[in-house]
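Same order as they appear, the protein sequences are chains A and B. To get my numbering, take the position in the first sequence, counting from 1, and add 271. To get my numbering, take the position in the second sequence, counting from 1, and add 821. So the structure is just underneath, and the comments pick up after that.
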Amino acid sequence: MSEAVSSPPARTRSDFGRSVRRLLREPLGLFGLSLVLLVILGAVFADLLTQWDPTRINPRDRFLGPSAAHLLGTDQLGRDLFSRVLHGGRIALYVALVSTAISLAIGIVLGLIAGYGPRWLDNLMILLFDAMKSFPTVMLALALVTITGPSLTSVILVVILVNVPGYARIVRTQTIAIKSSEFVTAAQSMGASTARILRVHIMPNVIGPLVILASMDIPVVIAIEAGMSFLGLGVRPPTPSWGSILNDGFGQIRETPWIAIAGGLPIIIITLGFTFLGETLRDVFDPRLKGRG
Amino acid sequence: MTAAPILSVDDVQVAFPVGGLLARDAILGVAGVSFEVRPGETFALVGESGSGKTTLARAINGLQDISQGAITFEGVRIDGLGRARMKPLRRRMSMMFQDPVGSLSPRMTVGDLVTEPFRIHGHGGRNLRDEAVRLLNLVGLPADFAGRYPHQLSGGQARRVGVARAIALDPALIIADEPTAGLDVSVQGEVLNLLNELRERLGLAMVIITHNLHVVHHVADRMAVMYLGRFVEVGETGTVFAAPRHPYTAALLSANPEPDPDRARDRITLPAEVPSLMSRPSGCEFHTRCPWAQAKCAAMPPPAGDVSCHFPLSPGARPPPREDRP
């Protein structure tokens, strides 16, 4: 985690295009991309793909098996599971994108401060990062939810607390490696401000590999959301989430297994999709990161 | 030669702390040097690796704090000047670094790189794209290089970009750290000619740091030879090359490859290793390696002056060899 990755070679637009074409030629990457697109399209066009309201309770239609009307069947309250899965995808993707973006932003800022700032501040921040990383995720989630109550915001907060130390550490290590390079000294000798050096000379060399590593963390984020919702620490009912669908089906897994399957299947699909996509992205854009993350 | 100096360095020392909490000590990377550079003049600092050349350059540029002495640039004392007050002076003094490609930010285009000084110091309404083309033209690069990235440049091209960036704000002084390092000989010549030409056109003063004596001969008006962080000899380049007076200078010059194989050579070889800065020799610090050292050399520091030697060489005459070696 903490070994230095020296400044990656600069890329031009044609390099970028070549990398994208290589990504599309990799079968694993293409497969991952298709799975991710499947879930994204399902979430975006949920209202067009099904006419059922994901939260509408329909006691007469409880525990219906999969059929033409209800593609994945219905749950114990008679709600259409296909509709709930599609809308659950919105929650999952929303949490993944929002919390990853916020984690990246905070991680980059903290990492730059730790890496470029004075030594004592670096030591202090590293101590904090390591302390935060040492909390087991579930304990952290339980502790936080005791304070804030179960909600989507709590889920996002937990993900940020879990992700930030790792991102900040990567940025810090890279910053330390880059700050003594001659192009940074040259910027100092021209009179560039610290803000300019960090923004123009260091950040662009740090951000590429970090974004790739973050894309590989997205399945973990989705699993945290599903896990917290499964435990009742995440989104509140009746809002659909894959985790809560899984929990709904858990009690009746022998009698009506399709409920648990409807909750579990999308988690598997999206996890595999992002993992394959992330690994291929990493290999194509920054081969030196191979075997990390 | 009577003009007021643009840069004057007066008895400058740079100390690096070493050791832990208990055995705190310092070594002197630069151990008290003084020189002046006049407008339009090129001054060369010569010495082996580790002699303190680069440290001295960084000190002049304010990248390295000095522990003693004074540095005055255009009449302003610049040592210990805060970053904010140093900034306006940086328009007048620019520095070129050793690694031609490594001193260019890898994700910036050549156009952005050469105009970065304007972005830092303000461009007064100038069109930066036009400025980039003008600067590239000055250093002999075609305008379409503005869109390239450093890794697409050869060493010589990258060096030219570095030169363009250094002259962007029309400085009075350029400090060039090994401007020819890592370039092959023909490109070295091109870069030196470019520097000479720009100096004449723009009236630049230059401090050139190098271990390459051909470079010194080619561009420098005056030169100083550094050994263990001190100057052992300072003088006009022509005079020093014709008749070196310090034994170390003589040894360096005799080791310099000559293009004429038939020319009679009298090479002076220096025994032993460069002493560690942690344990400087007594007396004259060069006595451990000097082929002509006498008893006095180990006992007393040499006299101050342009040549710091007890027994300076005079042309044609060789002093007797030292007694402790056959």
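Beta carbons: idealized from backbone N, C-alpha and C, even for Gly.
Could you check where the beta strand (DSSP E) with residue i kicks off and where it finishes?
i: residue 352 of chain A; result: First-last for residue 352 of chain A: 352-387, but that is the alpha helix (DSSP H), not the beta strand (DSSP E).
i: residue 917 of chain B; result: 914-917
i: residue 881 of chain B; result: Residue 881 of chain B -> not in any beta strand (DSSP E); alpha helix (DSSP H) instead, spanning 874-881.
i: residue 1052 of chain B; result: 1051-1057
i: residue 1129 of chain B; result: No beta strand (DSSP E) contains residue 1129 of chain B, which DSSP labels as neither H nor E.
i: residue 924 of chain B; result: Element bounds for residue 924 of chain B: n/a, residue is neither H nor E.
i: residue 996 of chain B; result: 994-998
i: residue 1148 of chain B; result: A question about residue 1148 of chain B goes unanswered here, because the residues of chain B that appear run from 822 up to 1147.
i: residue 1028 of chain B; result: 1026-1031
Please list the terminal residues of the continuous alpha helix (DSSP H) segment that includes residue i.
i: residue 900 of chain B; result: First-last for residue 900 of chain B: undefined, no H or E at that position.
i: residue 318 of chain A; result: 317-320
i: residue 494 of chain A; result: 474-501
i: residue 444 of chain A; result: 423-450
i: residue 854 of chain B; result: That residue, residue 854 of chain B, is in no alpha helix (DSSP H); its beta strand (DSSP E) goes 846-858.
i: residue 405 of chain A; result: First-last for residue 405 of chain A: undefined, no H or E at that position.
For residue i, does the count of other Cβ atoms within 10 angstroms reach 16, so buried, or fall short, so exposed?
i: residue 275 of chain A; result: In this prediction, residue 275 of chain A scores a pLDDT of 41, lower than 50, which makes its location untrustworthy; the coordinate-derived value is nonetheless stated afterwards. With fewer than 16 other Cβ atoms within 10 Å, it is exposed.
i: residue 918 of chain B; result: buried
i: residue 499 of chain A; result: buried
i: residue 457 of chain A; result: buried
i: residue 374 of chain A; result: buried
i: residue 350 of chain A; result: buried
i: residue 328 of chain A; result: exposed
i: residue 382 of chain A; result: buried
i: residue 541 of chain A; result: buried
i: residue 287 of chain A; result: exposed
i: residue 1117 of chain B; result: exposed
i: residue 549 of chain A; result: buried
i: residue 281 of chain A; result: Annotation note: pLDDT 46 at residue 281 of chain A (below 50); position unreliable, no value reported.
i: residue 434 of chain A; result: buried
i: residue 1022 of chain B; result: exposed
i: residue 444 of chain A; result: buried
i: residue 966 of chain B; result: buried
i: residue 1045 of chain B; result: buried
i: residue 308 of chain A; result: exposed
i: residue 521 of chain A; result: exposed
i: residue 980 of chain B; result: buried
i: residue 272 of chain A; result: Per-residue confidence for residue 272 of chain A stands at a pLDDT of 38, beneath the threshold of 50, marking its modelled position as unreliable; no derived number is given.
i: residue 882 of chain B; result: buried
i: residue 978 of chain B; result: buried
i: residue 1018 of chain B; result: exposed
i: residue 476 of chain A; result: buried
i: residue 957 of chain B; result: buried
i: residue 278 of chain A; result: Low confidence applies to residue 278 of chain A: its pLDDT is 41, below 50, so where it sits in the model is not reliable, and the reading given next is rough at best. Looking at its Cβ environment, which holds 16 or more other Cβ atoms inside 10 Å, residue 278 of chain A is buried.
i: residue 451 of chain A; result: exposed
Which residue wins for smallest C-alpha separation from residue i, given the options the options?
i: residue 920 of chain B; options: B:997, B:967, B:849; result: B:997
i: residue 406 of chain A; options: A:387, A:493, A:436, A:550; result: A:436
i: residue 449 of chain A; options: B:1018, B:994, B:928, B:1090; result: B:928
i: residue 1002 of chain B; options: B:831, B:870, B:882, B:856; result: B:870
i: residue 1113 of chain B; options: B:851, B:1091, B:1127; result: B:1091
i: residue 926 of chain B; options: B:973, B:1008, B:1094, B:1052; result: B:973
i: residue 531 of chain A; options: A:307, A:299, A:337; result: A:337
i: residue 1123 of chain B; options: B:1071, B:1075, B:1051; result: B:1051
i: residue 502 of chain A; options: A:298, A:325, A:387, A:413; result: A:413
i: residue 1115 of chain B; options: B:995, B:1126, B:1130, B:1101; result: B:1130
i: residue 348 of chain A; options: A:509, A:538, A:416; result: A:509
i: residue 1042 of chain B; options: B:1053, B:876, B:1061; result: B:1061
i: residue 849 of chain B; options: B:1102, B:1064, B:1049; result: B:1049
i: residue 306 of chain A; options: A:556, A:538, A:519, A:399; result: A:538
i: residue 888 of chain B; options: B:847, B:858, B:959, B:866; result: B:847
i: residue 1119 of chain B; options: B:1125, B:1126, B:1110, B:1127; result: B:1110
Could you list the residues in the region 832-853 of chain B with a C-beta less than 9 Å from some C-beta on chain E, going in chain order? No chain E is present in this structure, whose protein chains are A and B.
At least 3 beta-carbon pairs within less than 8 Å: the region 460-469 of chain A vs the region 898-914 of chain B: yes
Could you name the residues of the region 447-458 of chain A whose beta carbon sits closer than 9 Å to any beta carbon of chain B, in the order they occur along the chain? 452, 453, 454, 455, 456, 457, 458
For the region 865-880 of chain B, which residues have a CB atom closer than 7 Å to at least one CB atom of chain A, in sequence order? none
Near-chain A residues of the region 919-938 of chain B - C-beta to any C-beta below 8 Å: 919, 920, 923, 924, 925, 926, 927, 928, 929, 937, 938
Report yes or no: do three or more beta-carbon pairs, one from the region 857-868 of chain B and one from the region 544-555 of chain A, lie closer than 8 Å? Touching, no.
Count the CB pairs spanning the region 509-516 of chain A and the region 828-835 of chain B that are closer than 8 Å, and state whether there are at least three. no
With 9 Å as the limit, tell me which residues of the region 940-964 of chain B have their beta carbon closer than that to any beta carbon of chain A; keep them in chain order. 940, 941, 942
Residues of the region 879-897 of chain B with Cβ closer than 7 Å to any Cβ of chain A, in chain order: 882, 884
Interface residues of the region 465-482 of chain A facing chain B [CB-CB below 8 Å]: Of all residues in the region 465-482 of chain A, 467, 471, 472, 475, 476 have a Cβ within less than 8 Å of some Cβ in chain B.
Are three or more beta carbon pairs between the region 422-432 of chain A and the region 489-496 of chain A nearer than 8 Å? Because the criterion of three Cβ pairs below 8 Å is met, the region 422-432 of chain A and the region 489-496 of chain A touch.
In the region 367-395 of chain A, which residues sit with their C-beta less than 8 Å from some C-beta in chain B, listed in chain order? none
Does the region 355-370 of chain A come close enough to the region 301-314 of chain A to have 3 or more Cβ pairs within less than 8 Å? yes
Could you say if the region 483-491 of chain A and the region 297-304 of chain A meet the contact criterion of at least three C-beta pairs nearer than 8 Å? no
Determine, using beta-carbon pairs with one atom in the region 869-885 of chain B and one in the region 1014-1032 of chain B, whether at least three such pairs fall under 8 Å. yes
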